[in-house]
C-alpha cells in the first residue's frame, strides 16, 4: 500500500485540491494496468493517468466530486464502516480492509497538504494527520474482531510509518 500520493501542493491551495486518482472514488479502477508491457516496469502516476484517460470509452463523462478531508470526516467514515459491516470477521475482512485503506489514502492526502502548511518540523508527517492516524489505530485496536490479518497488520504498519507509541 503506497503511503504517498503524487500531489502538487506548492503553493498550497486554500480552496480545493485536485487529485487525479480515480480509484479513490471508484476502487474498481485499481484494476487499470500498472505496468508497461514494453518495458516491464511499473507505471508512475502520470503515465497511469494518461493510460486511463486514453482507454476511456467514447461516451465517458468524467465527474469530479468534492471530498472533504478533515478529522471529523475521517473518523465519521471509519465509524460508518464499522456500522456497515459490524465486527471484523473472516467473511467481511476483504471489503472491510479495502474501505479502511481508502480512508488511509485520504489521510495521506490530508497529511501531505498539512505537512506543507505546517512547515517541516523535523517529522515525516504533519501533526494533524498523526493525531488522526493515532485515533484510527486506537479505534481499530479497541474493535479488532476476528479477521485473519486485518486490522492488526494495518495498525502495525501505521504505527511504524507515523512513529506511534501508545499503550493498548
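In this note's numbering, the protein residues as written are 33 to 200. Even glycine gets a Cβ: it sits at the ideal position worked out from N, Cα and C. All values derive from a computational prediction rather than experimental measurement.
1) Can the beta-carbon of residue 177 be found less than 9 Å from the beta-carbon of residue 120?
2) Please work out which residues of its chain come closer than 8 Å, Cβ to Cβ, to residue 103, disregarding the five sequence neighbours upstream and downstream, and give them in chain order.
3) Excluding sequence positions up to five away, which residues of its chain have a Cβ less than 7 Å from the Cβ of residue 131?
4) Return the first residue and the last residue of the alpha helix (DSSP H) that residue 104 is part of.
5) Tell me whether residue 33 sits in a helix, a strand or coil according to DSSP, three-state version.
6) Which residues in the same chain have their Cβ closer than 7 Å to the Cβ of residue 184, if we skip the five residues on either side of it in sequence?
7) Would you give the residue range spanned by the alpha helix (DSSP H) that residue 138 belongs to?
8) Checking 9 Å against the spacing of the C-beta atoms, do residue 107 and residue 146 come in under that value?
9) DSSP state of residue 181, grouped into three classes?
10) The alpha helix (DSSP H) spanning residue 160 covers which residue range?
In short, the structure shows the following:
1) One-based indexing of the chain shown puts residue 177 at position 145. One-based indexing of the chain shown puts residue 120 at position 88. Taking 9 Å as the Cβ cut-off, residue 177 and residue 120 qualify as a contacting pair.
2) Taking the chain shown and counting its residues from 1, the one referred to as residue 103 is at position 71. Correct list, in chain order: 160, 163, 164, 167.
3) Taking the chain shown and counting its residues from 1, the one referred to as residue 131 is at position 99. Correct list, in chain order: 113.
4) Against the chain shown, residue 104 aligns to sequence position 72. 103 to 117 is the extent of the alpha helix (DSSP H) around residue 104.
5) One-based indexing of the chain shown puts residue 33 at position 1. The predicted position of residue 33 is uncertain, since its pLDDT is 49 and thus under 50; a value taken from the coordinates is nonetheless stated next. Correct three-state label for residue 33: coil.
6) Translated into the one-based positions of the chain shown, residue 184 becomes position 152. Excluding positions up to five away in sequence, the list reads 176.
7) Position 106 of the chain shown holds residue 138. Segment 125 to 150, the alpha helix (DSSP H) holding residue 138.
8) Numbered from its first residue, the chain shown carries residue 107 at position 75. Numbered from its first residue, the chain shown carries residue 146 at position 114. No.
9) Counted from its first residue, the chain shown places residue 181 at position 149. Coil.
10) Counting from one through the chain shown, the residue named residue 160 turns up at place 128. Looking at the DSSP string, the run of the alpha helix (DSSP H) that includes residue 160 is 159 to 174.
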